[in-house]
Each structure stands twice: as C-alpha cells, then as structure tokens.
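With positions in the sequence shown counted from 1, the corresponding number in the working numbering is that position plus 4.
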Amino acid sequence: MKSFTFIANRFTPAFKMAKQILPALEKAVVFYHDEQERKVVQISWSPEEVSYEAISSTTKVAIQKIRGDKNLTAWTNIKDLTFENEARKEQQYSIGDEVDNSVLCLKFLNPFDGSYDLLYLYLDNALSQFQMTSNSEVLSTANKSILEKTLHQSIKFILDQDFENREVLGNIINAKNQEKEDRNALNHELEKLKKNYAKSILNFSNHHLDIISKKENVQFKLADSALAKLKTFVGDFESLEGILQKAASAAYNLSYEHREIIIDAGHIILYQYKPKNQTSSVIERSESKYSKTVVYLNRYEEAAQRLLLKDLSVNGKNVAQYCQPSVSAAAITINIRAHKANILTLLDRHPDKWMVLREHFKPIQNVMKNQHLGKAG
Numbered sequence: 005m006k007s008f009t010f011i012a013n014r015f016t017p018a019f020k021m022a023k024q025i026l027p028a029l030e031k032a033v034v035f036y037h038d039e040q041e042r043k044v045v046q047i048s049w050s051p052e053e054v055s056y057e058a059i060s061s062t063t064k065v066a067i068q069k070i071r072g073d074k075n076l077t078a079w080t081n082i083k084d085l086t087f088e089n090e091a092r093k094e095q096q097y098s099i100g101d102e103v104d105n106s107v108l109c110l111k112f113l114n115p116f117d118g119s120y121d122l123l124y125l126y127l128d129n130a131l132s133q134f135q136m137t138s139n140s141e142v143l144s145t146a147n148k149s150i151l152e153k154t155l156h157q158s159i160k161f162i163l164d165q166d167f168e169n170r171e172v173l174g175n176i177i178n179a180k181n182q183e184k185e186d187r188n189a190l191n192h193e194l195e196k197l198k199k200n201y202a203k204s205i206l207n208f209s210n211h212h213l214d215i216i217s218k219k220e221n222v223q224f225k226l227a228d229s230a231l232a233k234l235k236t237f238v239g240d241f242e243s244l245e246g247i248l249q250k251a252a253s254a255a256y257n258l259s260y261e262h263r264e265i266i267i268d269a270g271h272i273i274l275y276q277y278k279p280k281n282q283t284s285s286v287i288e289r290s291e292s293k294y295s296k297t298v299v300y301l302n303r304y305e306e307a308a309q310r311l312l313l314k315d316l317s318v319n320g321k322n323v324a325q326y327c328q329p330s331v332s333a334a335a336i337t338i339n340i341r342a343h344k345a346n347i348l349t350l351l352d353r354h355p356d357k358w359m360v361l362r363e364h365f366k367p368i369q370n371v372m373k374n375q376h377l378g379k380a381g
C-alpha cells in the first residue's frame with residue numbers, strides 16, 4: 005500500500021537514498037528517540053530486510069553518551085562498536101586502524117528529546133566502488149571528508165523535509181478531526197432542535213384538539229400515524245390551527261362513531277397544493293437576478309407538495325418525476341449545484357417560502373447545512 009515516506013520510520017528514506025549513492029553499502033544501523041515509545045530504538049537495515057532490535061543496558065549507556073556529543077560526523081571501526089558481536093575485547097590500536105575505519109557515524113538532532121540520533125553506515129573502504137579508479141586503492145582521509153559532508157547534508161535535507169511534511173499532515177488531520185467534531189456537534193444540535201420543535205407541535209396539536217373537543221362535545225384523538233405526520237410540519241402555529249380544524253372536520257364527517265373520533269394521517273393535509281397559474285410571480289418580477297433560480301425552486305416545491313399529499317417520499321427521483329414537465333434527477337442535482345449561492349440568498353430572504361423543500365428535500369437541506377458549517381468554521 006502506498007503511504008507517506010515518514011509514516012513507518014523517518015530514517016527509511018535516508019536508508020534508500022544512502023543505498024543509491026553508495027552502491028557497496030552493506031548495512032546501516034540507527035539509534036533514535038521514538039516520540040511514541042518515548043525511548044531510544046535500534047533499527048538495523050540491509051538491502052534484504054529491516055529489523056527492530058533490543059538494546060542492552062551496556063549499549064544503552066554508550067549510545068546515550070554518543071548522542072550527547074556534538075560532533076556531527078565520525079569514522080570508526082566495526083570492532084569499536086559496542087553493539088556489534090565482534091567488538092574489541094581490549095582497546096589496542098595500530099597505525100592502520102585509521103585507514104581501516106569504514107563505518108561512518110552521522111548525527112542528526114532529534115526534534116523530540118534534544119539529543120542526536122545516530123546513523124551508522126557500513127561502507128566498503130575501496131575507492132573503486134565510485135568508479136573513480138580501477139586500482140585497489142582505499143578511501144583517503146580527503147575522500148572520507150568529502151563523503152561524510154555530502155552524505156550528512158543530503159540525509160539531513162531528507163529528514164528535515166519529512167519532519168515538515170509530517171507537521172503539515174498533522175495539521176491537516178487535526179483540521180479534519182475538528183471539522184468532523186463541529187459537524188457532529190451541529191448535527192446533534194439540529195436534531196435536538198428538531199425534536200424540541202416536534203414536541204412543541206404535538207403539545208400544541210393536542211391542546212388545540214382539546215379545545216375543539218370541548219366546543220363540539222366530541223372527543224378527538226390523534227392516531228400514531230397522525231402524530232408522525234404532524235411532526236414533519238414546518239410553519240406557523242396559526243396555520244396549524246386551520247390544519248387541525250380541517251382534519252377534525254374530515255374525521256368527524258367520515259366517522260360512524262361520534263363520541264370518540266380518531267384522526268389519522270389521511271385526515272391531515274399539511275400543505276395546500278397551489279396550481280402553477282395561481283402562484284404569485286412577485287419574486288420573479290422584483291428580483292430578475294434570481295428569476296431562473298425562483299422558477300426552479302417553485303417547480304421543485306410544487307412537485308414536493310404533490311408527493312406529500314400522496315404520502316410519497318420527497319427524494320430526487322420522485323421530485324424529478326412529479327415536476328411538470330418531468331425532468332431527470334441528475335438535472336435537479338446540476339441546477340441546485342449551479343444556483344447554490346442564489347438558493348441560499350433566496351431561502352434567507354424568504355423564510356416563509358419553499359417550506360417542503362427546506363424540511364423534506366435532502367439536496368436543499370445539504371445546501372443549508374453546508375452554509376451553517378461554513379459559518380461555524
């Protein structure tokens with residue numbers, strides 16, 4: 005699976021780059037402070053595998069001492085490495101030791117604990133690996149000086165870049181998490197407001213039916229289906245009084261029992277369908293900039309009203325089918341997307357219009373929700 009180079013380990017890209025520059029690189033060992041484990045970790049790398057190894061207490065003391073030293077580069081012998089099995093038993097050196105030093109130690113400041121991470125590169129001491137000569141010459145002191153500076157600067161550049169990229173990614177992840185939390189909080193608040201509004205609707209409906217019952221000397225009750233339908237009502241309570249009055253009248257006239265009348269969903273008409281030729285065109289004339297948007301909103305509102313009267317779902321497919329003339333669901337999506345800014349302006353200016361779309365039509369609800377999220381950010 006493809007991923008950012010710094011996710012597994014920040015030294016992995018350094019290993020790969022060192023191998024490209026140094027064809028004869030045998031292996032590499034790194035000691036670095038892991039910010040998650042909060043301790044120094046050892047990783048051994050070779051062209052065949054990467055392995056995490058335990059650090060002995062003796063090695064840990066020696067490594068911590070080296071991590072505190074500020075010399076950024078050093079050449080050493082494999083026999084002088086305390087973490088190697090072939091380390092010297094006695095500290096005896098000869099004149100040729102300096103020439104034989106083929107392990108390059110590079111240090112890089114750890115951004116988390118303030119000490120230096122150590123990268124040991126096990127090199128071939130032959131100059132011929134760089135194809136500079138065919139003779140069996142070893143790397144001179146001057147050659148090693150150039151090599152250590154070049155490798156240190158190159159690997160430092162990679163580590164710095166990965167650290168910056170890690171910070172950028174962290175900021176993006178934090179921003180996304182915050183956005184998700186804000187969205188969840190807003191959705192929770194909207195759901196809470198919806199439930200409170202629905203509760204108020206039902207309390208008002210029952211109270212008003214009690215008034216009608218006393219006036220008519222007949223007991224009116226709401227069926228579960230009627231309660232569910234009333235919860236979807238969006239409008240003023242004055243309009244709701246008229247709706248309940250008409251529902252009570254319809255239930256009364258259609259009932260054989262006149263002592264207790266049950267009002268069900270079929271008796272309740274929440275929205276009166278207004279034919280197109282009766283719809284006011286004041287907005288279209290006064291706001292020419294939004295005229296096309298208003299036409300779309302009116303057309304979709306009329307279709308949505310028809311669907312509610314038939315107790316059908318107000319979704320994109322059904323609204324498209326009930327438009328006059330009918331259109332495709334894709335056309336509705338495209339129109340809403342293209343007129344998004346105008347739609348938001350019109351909904352804000354005219355809070356009493358397009359009520360069915362506001363409450364029941366997901367594409368319009370999403371436009372409104374995105375506006376609220378934008379304000380919250």
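In this text, a Cβ means the ideal position worked out from N, Cα and C, and glycines have one as well.
Along the chain, which unbroken stretches of the beta strand (DSSP E) at least 3 residues long are found entirely within the region 18-87?
31-38, 43-49, 54-57, 77-80
Kindly provide the ranges of any alpha helix (DSSP H) runs that are 4 or more residues long and lie completely inside the region 171-238, ordered along the chain.
228-234
Report the rounded CA-to-CA distance for Leu348 versus Glu245, giving the unit in angstroms.
30 Å
With H, G and I counted as helix, E and B as strand and the rest as coil, what does DSSP make of Ile265?
strand
Within 10 Å of its beta-carbon, does Arg42 have 16 or more other beta-carbons around it, so buried, or fewer, so exposed?
exposed
Going by beta-carbon coordinates alone, are Ile266 and Ala255 separated by less than 8 Å?
yes
Is Val107 helix, strand or coil by DSSP?
strand
Can Phe49 and Lys64 be called in contact, C-beta distance under 8 Å?
For the record, residue 49 in the displayed sequence is Trp; it is not Phe. The answer is no: Cβ separation not under 8 Å.
Can you tell me the Cα-Cα spacing of Ile150 and Ser61, whole angstroms?
35 Å
Please classify Ser119 as buried or exposed, where buried requires at least 16 neighbouring CB atoms within 10 angstroms.
buried
Along the chain, which unbroken stretches of the alpha helix (DSSP H) at least 4 residues long are found entirely within the region 303-355?
320-326, 333-342, 344-353
Our contact map puts Leu110 next to Leu127 with C-beta atoms below 8 Å; I'd like the distance itself, whole angstroms only.
With a contact defined as Cβ atoms closer than 8 Å, Leu110 and Leu127 miss out at about 12 Å.
Measure how close the beta-carbons of Val107 and Ile67 come, nearest whole angstrom, since I'm counting them as under 8 Å.
Contact between Val107 and Ile67 does not hold, since their C-beta atoms are separated by about 14 Å, which reaches or exceeds 8 Å.
Considering only C-alpha positions, which residue in the set Leu125, Asp38, Lys203, Thr145 is nearest to Ala18?
Leu125
Could you work out which residue in Glu168, Gln40, Ala22 is closest to Val33 when comparing CA atoms only?
Considering only alpha carbons, the answer is Ala22.
Hey, how far is the Cα of Ser209 from the Cα of Leu248?
One C-alpha to the other measures close to 7 Å.
In terms of residues, what are the limits of the alpha helix (DSSP H) holding Tyr256?
241-257
For the alpha helix (DSSP H) that Leu361 lies in, which residues bound it at each end?
359-364
Would Phe208 count as contacting chain D if we go by Cβ distances under 8 Å?
No chain D appears in the structure shown, which is made up of a single protein chain.
Thinking just about the alpha-carbon of each residue, which of Val299, Lys250, Asn129, Asp164 is nearest to the one in Asn339?
Comparing Cα-Cα distances from Asn339 to each of Val299, Lys250, Asn129, Asp164, the minimum goes to Val299.
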